[in-house]
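Student: One structure coming up, written as structure tokens, with questions to follow.
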Amino acid sequence: MTPVRIGVPSAEEFLEPVQIVVEKVGSIAGVEQDDLTSLSIAVLELVKNGMEHGNDMDPDKEITICLEVLPGSLRVQVGDQGSWTPAGDVGFKPGEGDQLYSDRGRGILIARNLARWVDFDLSPEGKTLATLIWPIP
Amino acid sequence: MTPVRIGVPSAEEFLEPVQIVVEKVGSIAGVEQDDLTSLSIAVLELVKNGMEHGNDMDPDKEITICLEVLPGSLRVQVGDQGSWTPAGDVGFKPGEGDQLYSDRGRGILIARNLARWVDFDLSPEGKTLATLIWPIP
Amino acid sequence: MKIQEQVKDGVTIVRLTGKLISGPELMELKTAFQNLVNQDRHKKVVLDLGGVTWMDSSGLGVIVSGHTTLRRAEGMMKILNATKKIHELFIITKLITVFETFASESEAIASFKEPEKA
Amino acid sequence: MKIQEQVKDGVTIVRLTGKLISGPELMELKTAFQNLVNQDRHKKVVLDLGGVTWMDSSGLGVIVSGHTTLRRAEGMMKILNATKKIHELFIITKLITVFETFASESEAIASFKEPEKA
Ligand SMILES: Nc1ncnc2c1ncn2[C@@H]1O[C@H](COP(=O)(O)OP(=O)(O)O)[C@@H](O)[C@H]1O
Ligand SMILES: Nc1ncnc2c1ncn2[C@@H]1O[C@H](COP(=O)(O)OP(=O)(O)O)[C@@H](O)[C@H]1O
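For the record, the sequence lines run as chains H, Y, V and L.
With our numbering applied, the first sequence has no gaps in its numbers, which climb one by one up to 456 at the end.
With our numbering applied, the second sequence has no gaps in its numbers, which climb one by one up to 456 at the end.
With our numbering applied, the third sequence has no gaps in its numbers, which climb one by one up to 215 at the end.
With our numbering applied, the fourth sequence has no gaps in its numbers, which climb one by one up to 215 at the end.
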């Protein structure tokens with residue numbers, strides 16, 4: 320099966336269509352019904368980060384999402400127009416200092432806890448590319 | 320706003336996610352609430368044709384849908400892996416002969432009646448590209 | 098899409114709700130029409146589209162093929178409650194010349210009655 | 098997302114239903130918490146998440162910021178009916194250490210009562 324690709328402007332109103340497509344592809348790929356929400360939450364954390372931090376919520380900047388069914392896993396890649404890679408640890412460590420009561424953060428923490436694997440890299444063109452792996456039967 | 324792009328395998332289960340995205344983009348582009356269904360019907364007629372006639376329902380063959388907001392119109396382009404362009408008239412002319420009772424056909428007829436404009440061409444790479452124009456305020 | 102059947106005054110009302118989008122569900126509808134013939138309930142059929150929110154040429158195709166299946170066995174299908182948008186599809190495709198359409202269930206049912214002798 | 102409010106035994110129950118996805122609706126929820134303070138109904142608040150089908154870090158962020166808004170005015174918010182999946186998010190983020198959570202509305206309401214003098 321050819322991958323499912325989506326490219327959307329960096330604007331919040333496109334989050335829900337992406338969420339719906341991600342769950343649909345997850346369901347076709349064999350992700351358990353009960354886990355589809357967790358899958359789409361994890362992916363949308365990456366999509367929101369790309370929109371906010373990579374593309375500054377500029378609707379002229381595209382976010383791409385590519386969903387590919389591999390043996391034993393669904394691979395989701397989220398690309399933005401920035402050139403960020405994490406320097407050392409990223410994401411919140413709640414419980415340490417003020418972070419527990421922060422009204423933001425937690426995105427990477429949640430994505431990493433829900434998915435089997437989440438990491439960030441640069442694409443061949445030097446743009447931020449987040450990769451998420453979800454196990455499938 | 321950057322165009323919205325979707326690429327899906329040629330398989331029926333992807334029609335509904337495409338329908339949902341098309342209506343969402345239509346709504347953001349300013350298509351009247353009441354016309355969103357007609358918009359997605361017209362687009363899905365082209366998507367189904369691409370899947371069936373262009374890609375032989377082969378899930379390894381991709382259908383691409385690109386939605387772009389232009390001044391006064393929403394332009395939707397549907398691409399498949401075939402190299403078809405209509406030779407003269409295409410689509411049903413119901414009322415002539417057996418076509419009235421056929422259990423298929425009617426796709427292009429419906430798309431052309433609902434949208435402002437529908438036509439077919441070859442992409443620069445020589446692949447079938449259907450273009451649909453929908454008026455927006 | 099959901100298919101529900103109800104019999105009233107000897108007329109089978111087939112009620113569809115949701116999206117009639119291509120896929121296994123449309124095949125179920127095709128089977129449902131065939132079953133009406135197998136169960137000898139095909140003489141008087143009303144297809145209630147009141148709850149259908151989305152439908153395209155594939156949905157129309159299954160309805161026409163159902164019509165043909167019923168006609169071959171001397172049955173008859175009428176359309177009830179098509180929304181404005183769906184009615185438009187029947188007009189565009191001239192299927193409006195094939196089907197009798199109704200906006201009231203009781204009128205659709207009554208239309209199957211033999212005309213009273215004067 | 099839908100926000101509904103109900104007062105029971107002096108406790109304001111804020112019921113959320115649907116998807117808590119980033120966007121204007123989440124801002125409405127933020128405003129709703131501020132309004133509780135403005136209307137002096139912030140002392141005893143129960144946030145009922147029973148009808149929430151989807152929520153991510155942005156939703157959690159608004160809930161935490163609501164908690165902070167209420168606390169600053171010496172109010173208190175407790176969580177009711179978080180589904181298994183949403184409860185998991187509270188655990189992952191350690192917010193479970195910030196909020197008291199309940200699976201029964203009457204217990205959530207009762208928890209605001211002053212302990213009886215012996
Ligand atoms: N795609 C990205 N481009 C640039 N920076 C990013 C990206 N994704 C994450 N980050 C950085 O990692 C931090 C932590 O992200 P996250 O845990 O999702 O919390 P939040 O996005 O709410 O700050 C962000 O604040 C940002 O500095
Ligand atoms: N993308 C396409 N690639 C190849 N042929 C096509 C394509 N789109 C339409 N056609 C041709 O045009 C005909 C009419 O299409 P349509 O009106 O949608 O009816 P149907 O698809 O049910 O046959 C098709 O039968 C097919 O021969």
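In this text, a Cβ means the ideal position worked out from N, Cα and C, and glycines have one as well.
So is the beta-carbon of residue 449 (chain H) under 7 Å away from any non-hydrogen atom of ligand 1?
Tutor: The count along the first sequence starts at 1 and reaches residue 449 (chain H) at position 130. Checking every heavy atom of ligand 1 against the Cβ of residue 449 (chain H), one is found closer than 7 Å.
Student: By how many angstroms is the C-alpha of residue 355 (chain Y) removed from the C-alpha of residue 412 (chain Y)?
Tutor: Taking the second sequence and counting its residues from 1, one reaches residue 412 (chain Y) at position 93. Taking the second sequence and counting its residues from 1, one reaches residue 355 (chain Y) at position 36. Those two C-alpha atoms are separated by around 25 Å.
Student: I need the straight-line Cα distance from residue 199 (chain V) to residue 362 (chain Y), nearest angstrom please.
Tutor: In the third sequence, residue 199 (chain V) corresponds to position 102, counting from 1. In the second sequence, residue 362 (chain Y) corresponds to position 43, counting from 1. As the crow flies, the alpha-carbon of residue 199 (chain V) is around 29 Å from that of residue 362 (chain Y).
Student: Can you pull the chain H neighbours of residue 336 (chain Y), defined as C-beta to C-beta under 7 Å?
Tutor: The residue given as residue 336 (chain Y) occupies position 17 in the second sequence. By Cβ distance, chain H contributes 339, 340 and 343.
Student: Can you name the start and end residues of the alpha helix (DSSP H) that residue 205 (chain L) belongs to?
Tutor: Along the fourth sequence, one-based indexing puts residue 205 (chain L) at 108. Residue 205 (chain L) -> alpha helix (DSSP H) spans 202-207.
Student: So does residue 373 (chain Y) have its beta carbon nearer than 7 Å to some heavy atom of ligand 2?
Tutor: Taking the first residue of the second sequence as position 1, residue 373 (chain Y) is located at position 54. Yes, the beta carbon of residue 373 (chain Y) sits closer than 7 Å to at least one heavy atom of ligand 2.
Student: Say yes only if the C-beta of residue 403 (chain Y) is nearer than 7 Å to one or more non-hydrogen atoms of ligand 1, and no if none qualify.
Tutor: In the second sequence, residue 403 (chain Y) corresponds to position 84, counting from 1. Placement of the Cβ of residue 403 (chain Y) at a distance of 7 Å or more from every heavy atom of ligand 1 is found.
Student: Looking at residue 143 (chain V) and residue 177 (chain V), is the spacing between their C-beta atoms short of 8 Å?
Tutor: Here residue 177 (chain V) refers to the residue found at position 80 when the third sequence is read from its first residue. Here residue 143 (chain V) refers to the residue found at position 46 when the third sequence is read from its first residue. Pairing residue 177 (chain V) with residue 143 (chain V) gives a Cβ-Cβ distance under 8 Å.
Student: For ligand 1, any of its heavy atoms closer than 7 Å to the Cβ of residue 189 (chain L)?
Tutor: Counting from 1 along the fourth sequence, the entry for residue 189 (chain L) is found at position 92. No, Cβ of residue 189 (chain L) sits at least 7 Å from all heavy atoms of ligand 1.
Student: Taking the alpha-carbon of residue 445 (chain Y) as reference, which of Y:342, Y:402 and Y:360 has the nearest alpha-carbon?
Tutor: Your numbering for residue 445 (chain Y) matches position 126 in the second sequence. For residue 445 (chain Y), the nearest C-alpha among the options comes from Y:402.
Student: Taking 8 Å as the threshold (beta carbon to beta carbon), is residue 413 (chain Y) in contact with chain V?
Tutor: Numbered from 1 along the second sequence, position 94 holds the residue referred to as residue 413 (chain Y). Residue 413 (chain Y) counts as touching chain V.
Student: Is residue 376 (chain H) helix, strand or coil when you go by DSSP?
Tutor: Counted from its first residue, the first sequence places residue 376 (chain H) at position 57. Residue state, collapsed to three classes: coil.
Student: One question on the structure: do residue 111 (chain L) and residue 129 (chain L) come within less than 8 Å of each other, judged by their Cβ atoms?
Tutor: As a position in the fourth sequence, residue 111 (chain L) is number 14, starting the count at 1. As a position in the fourth sequence, residue 129 (chain L) is number 32, starting the count at 1. Yes, they are a contact pair.
Student: Quick check for students: name the residue ranges of the alpha helix (DSSP H) that lie wholly in the segment 141-198 of chain V, counting only runs of 4 or more.
Tutor: Fully contained in the segment 141-198 of chain V are the following alpha helix (DSSP H) runs of length 4 or more, in chain order: 154-169 and 181-189.
Student: In whole angstroms, what separates the C-alpha of residue 368 (chain Y) from that of residue 450 (chain Y)?
Tutor: Against the second sequence, residue 368 (chain Y) aligns to sequence position 49. Against the second sequence, residue 450 (chain Y) aligns to sequence position 131. So the alpha carbons of these two residues sit roughly 13 Å apart.
Student: Taking Cβ to Cβ, would you say residue 455 (chain Y) is nearer than 8 Å to residue 435 (chain Y)?
Tutor: Against the second sequence, residue 455 (chain Y) aligns to sequence position 136. Against the second sequence, residue 435 (chain Y) aligns to sequence position 116. In this structure, residue 435 (chain Y) does not lie closer than 8 Å to residue 455 (chain Y) by Cβ.
Student: Counting only beta-carbon separations shorter than 8 Å, does residue 367 (chain H) have a partner in chain Y?
Tutor: Counting from one through the first sequence, the residue named residue 367 (chain H) turns up at place 48. For residue 367 (chain H), the answer is no, since every Cβ of chain Y falls outside 8 Å of its Cβ.
Student: Would you say residue 165 (chain L) lies against chain H (beta-carbon separation less than 8 Å)?
Tutor: Translated into positions along the fourth sequence, residue 165 (chain L) becomes position 68. Yes, because at least one Cβ of chain H sits closer than 8 Å to the Cβ of residue 165 (chain L).
Student: Could you tell me which of H:322, H:330 and H:360 sits nearest to residue 339 (chain H), measuring between CA atoms?
Tutor: Along the first sequence, read from residue 1 onward, the residue named residue 339 (chain H) stands at position 20. Of the candidates H:322, H:330 and H:360, the one whose C-alpha sits nearest the C-alpha of residue 339 (chain H) is H:360.
Student: What I want to know is whether the C-beta of residue 399 (chain Y) ends up closer than 7 Å to one or more non-hydrogen atoms of ligand 2.
Tutor: Residue mapping note: residue 399 (chain Y) aligns to position 80 of the second sequence, counting from 1. For ligand 2, at least one heavy atom lies less than 7 Å from the Cβ of residue 399 (chain Y).
Student: Quick one: Cα of residue 104 (chain L) to Cα of residue 138 (chain L), how far?
Tutor: Translated into the one-based positions of the fourth sequence, residue 104 (chain L) becomes position 7. Translated into the one-based positions of the fourth sequence, residue 138 (chain L) becomes position 41. The alpha-carbon atoms of residue 104 (chain L) and residue 138 (chain L) are separated by roughly 9 Å.
Student: In three-state terms, what does DSSP make of residue 321 (chain Y)?
Tutor: Your numbering for residue 321 (chain Y) matches position 2 in the second sequence. Of the three classes helix, strand and coil, the one that applies to residue 321 (chain Y) here is coil, per DSSP.
Student: Is residue 375 (chain H) close to chain Y, meaning its C-beta is less than 8 Å from at least one C-beta of that chain?
Tutor: Position 56 of the first sequence, counted from the first residue, corresponds to residue 375 (chain H). Closer than 8 Å: no.
Student: Mind checking the segment 103-117 of chain V against chain Y and listing, in chain order, the residues whose C-beta falls within less than 9 Å of any C-beta there?
Tutor: 116
Student: Could you have a look at residue 392 (chain Y) and say whether DSSP puts it in helix, strand or coil?
Tutor: As a first step, residue 392 (chain Y) must be located in the second sequence, where it is residue number 73. Strand.
Student: Can you list, in chain order, the residues of its chain with a C-beta nearer than 8 Å to that of residue 162 (chain V)? Leave out the 5 residues immediately preceding and following it.
Tutor: On the third sequence, residue 162 (chain V) is found 65 positions in, with the first residue counted as 1. Excluding sequence neighbours, residue 162 (chain V) sits near 127 and 130.
Student: At what residues does the beta strand (DSSP E) containing residue 133 (chain V) begin and finish?
Tutor: The residue given as residue 133 (chain V) occupies position 36 in the third sequence. It is not in any beta strand (DSSP E) - residue 133 (chain V) instead sits in the alpha helix (DSSP H) that spans 121-135.
Student: Which residues in the same chain have their Cβ closer than 8 Å to the Cβ of residue 392 (chain H), if we skip the five residues on either side of it in sequence?
Tutor: Taking the first sequence and counting its residues from 1, one reaches residue 392 (chain H) at position 73. The residues are 435, 452, 453, 454 and 455.
Student: Counting only beta-carbon atoms, is residue 161 (chain L) nearer than 8 Å to chain H?
Tutor: Start at 1 with the first residue of the fourth sequence, and residue 161 (chain L) comes out as number 64. Yes, residue 161 (chain L) lies at the interface with chain H (some Cβ there is under 8 Å from its Cβ).
Student: Measuring alpha carbon to alpha carbon, tell me which of V:181, V:190 and V:135 ends up nearest residue 169 (chain V).
Tutor: Here residue 169 (chain V) refers to the residue found at position 72 when the third sequence is read from its first residue. Nearest option by C-alpha distance: V:135.
Student: Classify residue 207 (chain L) as buried or exposed, calling it buried when 16 or more other Cβ atoms lie within 10 Å of its own Cβ.
Tutor: Numbered from 1 along the fourth sequence, position 110 holds the residue referred to as residue 207 (chain L). Answer is exposed; the Cβ neighbour count stays below 16.
Student: Could you tell me which chain L residues have their CB closer than 9 Å to the CB of residue 428 (chain H), listed as they occur along the chain?
Tutor: In the first sequence, residue 428 (chain H) corresponds to position 109, counting from 1. Residues of chain L passing the Cβ test: 154, 189 and 190.
Student: Which residue or residues does DSSP assign as beta-bridge partners of residue 326 (chain H)?
Tutor: Residue mapping note: residue 326 (chain H) aligns to position 7 of the first sequence, counting from 1. Its beta-bridge partners are H:383 and Y:324.
Student: Does at least one heavy atom of ligand 1 sit under 7 Å from the Cβ of residue 428 (chain H)?
Tutor: Counting from one through the first sequence, the residue named residue 428 (chain H) turns up at place 109. Checking the Cβ of residue 428 (chain H) against ligand 1 gives yes.
Student: Out of curiosity, what's the CA-to-CA distance linking residue 334 (chain Y) and residue 397 (chain Y)?
Tutor: By one-based count along the second sequence, residue 334 (chain Y) stands at place 15. By one-based count along the second sequence, residue 397 (chain Y) stands at place 78. Straight-line Cα distance between these residues: approximately 13 Å.
Student: CB-CB under 6 Å to residue 447 (chain Y), same chain, minus the five flanking residues each way: which ones, in chain order?
Tutor: Along the second sequence, one-based indexing puts residue 447 (chain Y) at 128. Same-chain partners within the cutoff: 373, 399, 401 and 403.
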